[in-house]
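*Asks:*
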């Protein structure tokens with residue numbers, strides 16, 4: 002018998018928590034006279050801490066850094082609606098989804114963590130994601 006919407010398990014998505022970046026420095030220098038605009042963070046950006054299924058983050062896609070850290074991973078940068086710049090570490094599954102969607106800076110992107118998939122013997126299970134892109138230029 003096919004499952005109906007009425008029988009489907011209700012899923013509640015919750016915002017992901019972020020781990021604060023290391024290397025923060027106190028910056029009381031301000032800006033030179035006449036300089037305005039957004040300033041780069043003075044420390045590493047907070048990164049998503051995917052701890053349970055159905056966590057998500059949505060924000061303006063700022064771009065991706067390649068070959069970051071000892072695993073040469075991707076690091077996706079977003080600006081959340083509250084104007085915080087945050088990052089999401091890439092993985093094989095997430096990178097594949099992002100490549101398929103091909104977001105551009107300025108697009109709104111949502112990363113949704115679905116939980117862990119089945120891993121091969123002796124390997125960590127893959128983290129499974131949904132990626133949704135709302136194009137800035139429609």
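Numbering (our numbering), first residue to last: 2 to 139.
Quick reminder that beta carbons are idealized off the backbone N, C-alpha and C, glycines included.
#1: By the 10 Å Cβ neighbour count, where 16 or more other Cβ atoms means buried, how is residue 138 classified, buried or exposed?
#2: Can you check the stretch 43-69 for any beta strand (DSSP E) of at least 3 residues that lies completely inside it and give the ranges in chain order?
#3: At a cut-off of 6 Å, is residue 82 close to the ligand ZN when judged by its beta-carbon and the heavy atoms of the ligand?
#4: Residue 79 and residue 60: beta carbons closer than 7 Å?
#5: Straight-line CA distance for residue 21 to residue 47?
#6: Is it the case that the stretch 95-106 contacts the stretch 126-138, given that we only count it when at least three CB pairs across the two stretches are under 8 Å?
#7: Could you check what DSSP says for residue 78 in three-state terms: helix, strand or coil?
#8: By Cβ distance below 6 Å, which residues in the same chain neighbour residue 110 in space, the five residues on each side in sequence not counted?
#9: Can you tell which of 106, 113, 115 and 16 has the C-alpha that lies nearest to the C-alpha of residue 66?
#10: Between residue 58 and residue 49, is the Cβ-Cβ spacing less than 7 Å?
#11: Return the chain-ordered ranges of every alpha helix (DSSP H) run that is complete within the stretch 89-130 and spans a minimum of 4 residues.
#12: Looking at the structure shown, is residue 39 part of a helix, part of a strand, or coil, going by DSSP?
#13: Could you tell me whether the Cβ atoms of residue 13 and residue 56 are closer together than 7 Å?
#14: In terms of residue numbering, what span does the beta strand (DSSP E) encompassing residue 20 cover?
*Replies:* Let me spell this out:
#1: exposed
#2: 48-50 and 56-69
#3: Summarising the ligand content, the structure contains no ligands, and the ligand ZN is consequently not present.
#4: yes
#5: 4 Å
#6: yes
#7: strand
#8: 62, 104 and 134
#9: 106
#10: yes
#11: 93-102
#12: coil
#13: no
#14: 18-20
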